[in-house]
Amino acid sequence: MVSLVFLKPVILLLWQLLQLLLLVSPQMEDCPPSFDCGYLGSIQFPFTTTQRPSCGLWDIHGCEQDPSYTNTTLQLYDSAFKWYTVLGVHSGTIMIKDKEQELYLQTKNCKAFDNTFTLPDASPLASFYVKYNITIFRCNRSHRITLPKYFYRYSNCSEHDIYYVPLNTETTPGFKWPSSLAPCSRIQLAISDNLPDDPFQYLSAVNSVEVQLSADCDKCLREKGQCLLDSKGKLYCTKDDEILLEKIVLGLGLVSAVLAVGVPLMVSACCFARKILRRKNPAHRIIEGFLKERGPLPTVRYNYSEVKKMTNSFKKKLGGGGFGSVYKGKLYDGRVVAVKILSKSDANGEDFINEVASISRTSHVNIVRLLGFCLDRSKRALIYEFMSNGSLDKFIYEDNNPLQVSHQLDCKILYDIAIGIARGLEYLHRGCNTRILHFDIKPHNILLDENFCPKISDFGLAKLCSRRQSAVSIFGARGTVGYIAPEVFSRHFGVVSHKSDVYSYGMMVLEMVGMKNNIKAEVNRSSDAYFPHWIYNRLESDQQLGLQDIRNESDEMVRKMTIVGLWCIQTYPPTRPGISKVVEMLESKAELLQIPPKPCLPSSSTSLIHLSSETL
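Numbering (mature numbering (1 follows the signal peptide of the UniProt record, and there is no 0)), first residue to last: -26 to -1, 1 to 590.
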């Protein structure tokens, strides 16, 4: 008697065959030319509804509600946690409102100038344009900006001045931005019909996005076809009659195969499939189960042959470590990427799961962007955006020797990097629907783009938890010795929480300004050898800090980073500031910052916290 377990794959195969046969019905539905979307009325490609996500580029949520429902929303491609309210869709233009930006403008909050409005990348199907937006320049007051009189200036934000010109001036033929604005942050924001005197009145939370279909896609739609992308990202057009013919041929072929070969072949195929499935290692099943449970991810899954092709057979190696190796590659659309091939040492695939789960749904200027991943049998890879300046460690160490500190970057750039990393951590701790604790903040895991904008990377040790959780449980210590918070080693010092990331951040900031002495484990733990006490004593007595390549130890930025770093590495978590407070302290005046209490010396069992740089 054949067991039920043995019959299960056979029954599944027969069911799938029945489904394929049903698809050949001439009454089956493909993508209609338009959809009904509640109070928005009729919408067309490239917009679609959540019931038919494959029929467009953007799916609008709430279309199934009655016309009185006015809270239809959508997510842009590169804003996984950013929802926009859809106000209207007319002739290829969609009006969307950013409610968070609206609140900032109404309350005259300077966070309105923090983030530029970005659009998805152009595809072979369509391009996207923003109407009625202007360029805002956010300039640090340390820069001396000299501009013509027709520039507007807003100076009520702490640390920064805001400069802009009206839209009619910016769009004047031959207009060029003055070179003095080069060191400022450039931001694109929507505007209203109000006068430009007050930026909070002149700016708008409503963006008008124009969608322009490509010539090939437009022609396809006019011929009543469907615009689709193949596996290489190229456009192809399918017609209703072609789809029907293909499905009829497929159905006839399947019926013929079943009649000719019969059930014995299906049973043999099922047995073979079962044998192959048994060979799958437990880690592969764990990861596949995780991906299935999480549902569709906002990133692309590649097979190993595609990964090999995009890296030109792993020709250019960028670096490596215990996790595996990183190679330079290029996607089909020409974007340069970094491909991390994971080693087989991670037996249960926990690092891979953590990295995909943590970073796939994040979107922040200071978080590295995951563009895709590969899970092909035992092969695992992660595809990231390419960072041309590499990691931060090569700019604060000389010749990869941690005993030789070399300030290749000036204080202003290091200061901006420190603030950027703090904002990235603030997003992970407070800006996501699910709080993400990184547990491995260190210079090696901070990548720098061409403008030295820092991006947090390597989420292999990350832990996801609810934003309401004040503590998390972990098994064993995780992270890199020298940056691990005391409570991660021993619960005697408190519970593990987001404050553990703050500790690692503080250690890294002190290292960035050249404070951290890398001492050997054998060295006695005297107050001279324990570097937080050494820095504290120097700050308290206004003695020389001994910084290399920094002539004036009272330099405001260096002093701020030093004091903030000392606050962050307080031994007990409750005495450390939250990361939002860290950002606030870095952006305030140095003279307003108090020197923190001297960190108490923990027992000798924890002395490893400050010594080597070996990853646990």
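Yeah, the Cβ is synthetic: ideal placement off N, Cα and C, and Gly gets one too.
| Item | Value |
| --- | --- |
| For a test of the three-state rule: what should DSSP assign to H412, helix, strand or coil? | coil |
| Which residues bound the alpha helix (DSSP H) around R196? | 189 to 196 |
| Run through the DSSP bridge pairs and tell me what S365 is partnered with. | L421 |
| When you compare the CB positions of A396 and Y276, do they come within less than 8 angstroms of one another, or not? | no |
| Have a look at L50, D40, S42, N45 and flag the residue whose alpha-carbon is nearest the alpha-carbon of P20. | L50 |
| Anyone know if the C-beta pair for residue 592 and H472 falls short of 8 angstroms? | What the structure shows of the chain is the stretch from -26 to 590, and residue 592 is not part of that stretch, so it cannot be assessed. |
| Does the separation of the CB atoms of I165 and L155 fall below 8 angstroms? | no |
| Closer than 8 angstroms is the cut-off here; do at least three beta carbon pairs connect the segment 356 to 363 with the segment 403 to 420? | no |
| Take the Cβ of P417 as the centre, count every other Cβ of all protein chains shown within 10 Å, and call the residue buried at 16 or more, exposed below. | buried |
| Can you give me the Cβ contacts of D350 inside the same chain, cut-off strictly under 6 angstroms, excluding the 5 residues immediately before and after it? | N277, Y278 |
| Quick one: Cα of G15 to Cα of M69, how far? | 14 angstroms |
| Ends of the beta strand (DSSP E) at D390? | D390 -> not in any beta strand (DSSP E); alpha helix (DSSP H) instead, spanning 385 to 400. |
| Using the C-alpha atoms, what's the distance from Y13 back to G30? | 19 angstroms |
| So, helix, strand or coil for P152, using DSSP? | coil |
| DSSP has R275 in a bridge; who is on the other side? | F347 |
| Hey, is the segment 131 to 149 in contact with the segment 183 to 195, meaning 3+ C-beta pairs nearer than 8 angstroms? | no |
| Just confirm the distance between the C-beta atoms of G468 and E461, as a whole number of angstroms; I'd bet it's less than 8 angstroms. | 4 angstroms |
| Report the rounded CA-to-CA distance for residue 608 versus Y43, giving the unit in angstroms. | Outside the modelled stretch of the chain, which goes from -26 to 590, sits residue 608, for which no answer is possible. |
| Less than 8 angstroms between the beta carbons of G456 and M481, yes or no? | yes |
| Thinking C-alpha only, which one of H134, P428, D432, P170 is nearest L344? | D432 |
| Apart from the five residues on each side of it in sequence, which residues of its chain come closer than 8 angstroms, Cβ to Cβ, to V300? | K291, L292, G293, G294, A312, V313, K314, I315 |
| Given a threshold of 16 other Cβ atoms within 10 Å of its Cβ, counted over all protein chains shown, does D390 qualify as buried or as exposed? | buried |
| Which residues share a DSSP beta bridge with V185? | F102 |
| Consult DSSP for I458 and reduce its assignment to one of helix, strand or coil. | coil |
| Cβ atoms of C11 and R26: under 8 angstroms apart, would you say? | no |
| Hey, P551 and V476: beta-carbon distance below 8 angstroms or not? | yes |
| Check whether chain B comes within 8 angstroms of P140, counting only Cβ atoms and requiring the distance to be less than that. | No chain B appears in the structure shown, which is made up of a single protein chain. |
| For A179, which of V104, P7, G199 has the nearest alpha-carbon? | V104 |
| Suppose you measure from the CA of Q75 to the CA of A86; what does that come to, to the nearest Å? | 6 angstroms |
| With distances taken between CB atoms, is the gap from S188 to P98 smaller than 8 angstroms? | yes |
| Smallest Cα separation from Q186: which of Q544, K368, Q18? | Q18 |
| Between the alpha carbons of G539 and P570, how many angstroms are there, rounded? | 10 angstroms |
| Can the beta-carbon of L421 be found less than 8 angstroms from the beta-carbon of G364? | yes |
| With H, G and I counted as helix, E and B as strand and the rest as coil, what does DSSP make of H35? | strand |
| Under 8 angstroms, do F111 and Y137 count as touching if we go by C-beta distance? | yes |
| So what does W541 bridge to, in DSSP terms? | DSSP output for W541 lists no bridge partner at all. |
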